[in-house]
Amino acid sequence: SSIVSSEPLDQLFPRHVVLSNRSACFLKLGHHEKALKDGSDAEILNPQYVKGVFRKGLALHAMGRYPEAIESLAKAQKVEPKNKQIKQALQFAEVRLHQEMKKRMDR
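Residue numbers for the sequence shown, in this note's numbering: 1 to 107.
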């Protein structure tokens, strides 16, 4: 009898969790486009998994795409309204957007 089973192994971690974790790694490494892709893919697979949506928002913020970052972070906050980390990131993105708009108006 064969040792190798033809049955697929159950995944240890669901794909959206793996993608979200990899997104966090890419963020730390400064690979923002890759972090955005993994965060976005995690959100598509499970929009209720807050870490994927949050990391997508962080990647957008790191890329200076503040309106999109605010949209993602606000989505994450809706899922977890008491999460201080999300609230702080959202406030920071709003401040940065305000600074960018003010810079453009002062030119």
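For each residue, glycine too, the CB sits at the ideal point set by N, CA and C.
- The beta carbon of L12 lies closer than 8 angstroms to none in the same chain, with the five residues before and after it left out.
- Rounded to the nearest whole angstrom, the C-alpha separation of R15 and A42 is 7 angstroms.
- Here DSSP, grouped into helix, strand and coil, assigns N46 to coil.
- For N21, the uninterrupted alpha helix (DSSP H) run begins and ends at R15 to L29, by DSSP.
- A direct Cα-to-Cα measurement between Q99 and R107 gives close to 13 angstroms.
- Of the candidates G64, K82, L60 and L29, the residue whose Cα lies closest to the Cα of S72 is L60.
- DSSP places P67 within a helical segment (H, G or I) once states are collapsed to three.
- For the pair K51 and S40, the CB atoms are not nearer than the 8 angstroms cut-off.
- Annotation for L90: the continuous alpha helix (DSSP H) segment containing it runs K84 to D106.
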